[in-house]
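Residue numbers (my numbering): 17 to 99.
Yeah, the Cβ is synthetic: ideal placement off N, Cα and C, and Gly gets one too.
Since the model is a prediction, treat every value here as computed from it, not as a measurement.
In what follows, a single structure is set out as structure tokens and then discussed.
Right, here's the structure in full:
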């Protein structure tokens, strides 16, 4: 429990960094015309979802860094608070 508490305190004590500049990486760019795993599910309807992009900033505050995963009713994204 102490370790978890210490981790939580460190999380709030971290300094705010500037917006990240993404460099070229070994990851390949997905073709927008090809469906990804979620889009092949029978219940998937693109008009029901926001077309989120990595690097997008919401309310001049939250920058999307990556996708953690998805479930039946939601998708979990990693975002950084820019303030």
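- Straight-line measurement puts the Cα of residue 74 at about 27 angstroms from the Cα of residue 59.
- Secondary structure of residue 63 (DSSP, three-state): helix.
- Looking at the DSSP output, residue 82 sits in a beta bridge with 94.
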